[in-house]
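Notes follow once the structure below has been shown.
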Amino acid sequence: MLPKPKKSLGQNFLVGANLNKKIVEACRIKNDETVIEIGPGKGALTGLIAEKAKYTYAVEIDKELSERLCMNFIGNTKVKIILADFLNIDLNRYLPCGVKTKIIGNIPYYITTPIIEKLLKHSERISWVYLTVQKEYARRICAEPGCKEYGSLSCFVRYYAKPKIEFYIKSGSFYPKPKVDSALISLQMHSKPPVELKDRERFFALIRSAFAQKRKTLKNNLKSVLPQQTICSFLEKTGLGPKARAEELSLQNFADLANL
Ligand code: SAM
Numbered sequence: 492m493l494p495k496p497k498k499s500l501g502q503n504f505l506v507g508a509n510l511n512k513k514i515v516e517a518c519r520i521k522n523d524e525t526v527i528e529i530g531p532g533k534g535a536l537t538g539l540i541a542e543k544a545k546y547t548y549a550v551e552i553d554k555e556l557s558e559r560l561c562m563n564f565i566g567n568t569k570v571k572i573i574l575a576d577f578l579n580i581d582l583n584r585y586l587p588c589g590v591k592t593k594i595i596g597n598i599p600y601y602i603t604t605p606i607i608e609k610l611l612k613h614s615e616r617i618s619w620v621y622l623t624v625q626k627e628y629a630r631r632i633c634a635e636p637g638c639k640e641y642g643s644l645s646c647f648v649r650y651y652a653k654p655k656i657e658f659y660i661k662s663g664s665f666y667p668k669p670k671v672d673s674a675l676i677s678l679q680m681h682s683k684p685p686v687e688l689k690d691r692e693r694f695f696a697l698i699r700s701a702f703a704q705k706r707k708t709l710k711n712n713l714k715s716v717l718p719q720q721t722i723c724s725f726l727e728k729t730g731l732g733p734k735a736r737a738e739e740l741s742l743q744n745f746a747d748l749a750n751l
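For any residue, its number in this note's numbering is found by taking its place in the sequence shown, counting from 1, and adding 491.
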């Protein structure tokens, strides 16, 4: 008998065969690619991924589920089930040098941010990431400058990757049914950062400060970070105007400001 879904591990399993296929199709896996699946659960996606990929690592934290998966894939030399917390594994061990790996996962909502942060830190060895995340979170990640959802998360992700919402997924496609709808997002990792920076940490710190209080103007949010004169002349030069807010600035604008 299947164990009861564990809420504490964010277990909301995919329940429709057609949707599982649609998700894996969207990942455009080629037969020379290695895939790491985060949270395979009962294997809704794992078998479909394994049919297409050269090699599949599936990292599952739940011992019962990982044992079941091991049984299901016994004798399949193209699949390795790893019983581990994805956030604690040394990802480099599973990302072959010189080959770019795809990452796929219907992941638990409560660890979406740490998972994305971990993946972006390894962006040089990853080609694409495909994750199901909460719909609102997907919109924040993929937001363009000028949108109300555009914020520090959108900028952070955009520095490393090109984000896209592939499609939305209704909450009824999962069991147990979560309270909110989801989306499959893709992140195409940049081979080279889209902006040149003198100091990356300073750039991210500036973005965090700029969005600290969304209602305030950029000038106000950056009061303690940069001299007012510097911000004023930057806003004038870029044509953004003295009342500009952080959400109007592109990644290039933030880079120019941080490099000043
Ligand atoms: N992929 C399956 C599906 O779509 O039906 C399961 C998805 S379920 C939303 C998330 C899965 O991630 C669960 O199987 C859960 O046990 C596993 N999980 C939760 N936290 C994890 C972690 N830190 N590392 C690896 N797996 C984790």
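Ideal Cβ placement from N, Cα and C applies to all residues, glycine included.
Asked: Taking Cβ to Cβ, would you say E551 is nearer than 8 Å to L582?; Found: no
Asked: When the Cα of K683 is compared with those of V526, K497 and S618, which residue comes out closest?; Found: S618
Asked: Can you give me the start and stop residues for the beta strand (DSSP E) that Q743 sits inside?; Found: Not the beta strand (DSSP E): Q743 falls in the alpha helix (DSSP H), residues L742 to N750.
Asked: Which term fits V671, buried or exposed, when burial requires 16 or more other beta carbons within 10 angstroms of its beta carbon?; Found: exposed
Asked: According to the Cβ coordinates, are T547 and V526 closer than 8 Å?; Found: yes
Asked: Check whether the segment 529–539 and the segment 561–577 touch, using three or more Cβ-Cβ pairs below 8 Å as the test.; Found: yes
Asked: Taking only the alpha-carbon atoms, compute the straight-line gap between P667 and A701 and give it to the nearest angstrom.; Found: 39 Å
Asked: Give me the Cα-Cα distance between V590 and L610, rounded to the nearest whole angstrom.; Found: 16 Å
Asked: Is it the case that the Cβ atoms of N712 and Q719 are separated by a distance below 8 Å?; Found: no
Asked: Starting from N597 and walking both ways along the beta strand (DSSP E), at which residues does that stretch end?; Found: T592 to N597
Asked: Is L709 near I722, with beta carbons less than 8 Å apart?; Found: yes
Asked: In three-state terms, what does DSSP make of F694?; Found: helix
Asked: Quick one: what does DSSP say Y666 is sitting in, helix, strand or coil?; Found: strand
Asked: Comparing alpha-carbon positions, which option in L748, D747, K707 and K728 lies nearest K734?; Found: K707
Asked: What residue range is occupied by the uninterrupted beta strand (DSSP E) comprising L675?; Found: S673 to M680
Asked: Would you kindly check if the distance between the Cβ of I676 and the Cβ of A737 is under 8 Å?; Found: no
Asked: To the nearest angstrom, how far is it from the Cα of L748 to the Cα of P685?; Found: 15 Å
Asked: Any heavy atom of the ligand SAM closer than 7 Å to the CB of G530?; Found: yes
Asked: Candidates L622, G642 and Y621: which alpha carbon is nearest R631's?; Found: G642
Asked: Alpha carbon to alpha carbon, how far is A549 from E524? Give it in angstroms, no decimals.; Found: 14 Å
Asked: Helix, strand or coil for V526 per DSSP?; Found: strand
Asked: Closer than 7 Å to a non-hydrogen atom of the ligand SAM - does that hold for the CB of Q502?; Found: yes
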